[in-house]
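A.B. asks: Have a look at this one before I ask anything.
Residue numbers (my numbering): 1 to 173.
Structural data, given as C-alpha cells:
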C-alpha cells in the first residue's frame, strides 16, 4: 500500500525478479516531496531495475545505485532504500539498508524483532564512505514469519496533539 502525502510523492516499493529462485524486494523514500522527489525516485527505480537482475547481493545493488545517483543528487536531497533478496525455496532473506527504516520480523510465535543492518542514505556522502558503512544481514525465515517494511511516514505520523507515533507504538500495534 502506498498513499503519497501530496498528489505525487517520493515513496516507492517494488518487486524485482532476480532469477528463477530469487526475488528482490525494495522500499525507498526520497527526502523531497512533489515533482522533484518523484523524478529522483523514478531515476532510482530505473537504476535498481538495471542493476538487480542476476545480482544476489542487496548491498552490491545499493552500492551500484549510489555510484550512479550520488553525482546527480542535489545537496538538499537524498534517498533512503531498503533492499532485500529472498531465496524463494530456502526462505533465506538477505537485507541491506541505505538509511531506510529497519524492517521488522514477526515470527510465527508472534515475537517481534527489528532486523538490523547499517548503511547511510544514497547521495549523502562520498562513494567510498558509503560503501565502507553499508552491510548486509541474513535472516532465515520460517513458515508463518512475516517481514514488515515501511517508510518513516508510518513512524512520523502525528496525532491531533502533534506527537509522532514512533517506532515503539508501531511495534506494539
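Backbone N, C-alpha and C define an ideal beta-carbon position, used for all residues, glycine too.
As the structure is a prediction and not an experimental result, all values here were calculated from the model.
#1: Report the rounded CA-to-CA distance for residue 110 versus residue 142, giving the unit in angstroms.
#2: Looking only at its own chain, which residues have a Cβ that is under 7 Å from the Cβ of residue 161, when we skip the five neighbours before and after it?
#3: Please specify which runs of the alpha helix (DSSP H), each continuous and at least 4 residues long, are wholly inside the segment 133–163, giving them in chain order.
#4: Just the Cα atoms here: how many angstroms apart are residue 73 and residue 79?
#5: What do you get for residue 129, buried or exposed, if any count of 16 or more other CB atoms within 10 angstroms of its CB means buried?
#6: Leaving out the 5 sequence neighbours to the left and right, which residues in its chain are closer than 7 Å to residue 49 when beta-carbon positions are compared?
#7: Under three-state DSSP, which class holds residue 82?
#8: Helix, strand or coil for residue 123 per DSSP?
#9: Please say whether residue 35 and residue 85 have beta carbons closer to each other than 8 Å?
#10: Going by DSSP, which residues form a beta bridge with residue 106?
#11: For residue 66, does the count of other Cβ atoms within 10 angstroms reach 16, so buried, or fall short, so exposed?
#12: In this structure, what does DSSP give as the bridge partners for residue 17?
#13: Suppose the cutoff is 8 Å on Cβ atoms and the five residues either side in sequence are ignored; what does the same chain contact list for residue 136 look like?
#14: Is it the case that the Cβ atoms of residue 103 and residue 82 are separated by a distance below 8 Å?
#15: Between which residues of its own chain and residue 181 is the CB-CB distance below 6 Å, once the five residues before and five after are set aside?
#16: Which same chain residues end up closer than 7 Å to residue 45 when comparing Cβ atoms and leaving out the 5 residues on each side of it in sequence?
C.D. replies: Checking against the coordinates, here is how it stands:
#1: 12 Å
#2: none
#3: 152–155
#4: 9 Å
#5: Residue 129 should be labelled exposed.
#6: 16
#7: strand
#8: coil
#9: no
#10: 112, 146
#11: buried
#12: In the DSSP secondary-structure assignment, residue 17 is bridged to 23.
#13: 57, 58, 59, 94, 95, 96, 117.
#14: yes
#15: No answer is possible for residue 181: it lies beyond the span of the chain, which begins at 1 and ends at 173.
#16: 12, 14
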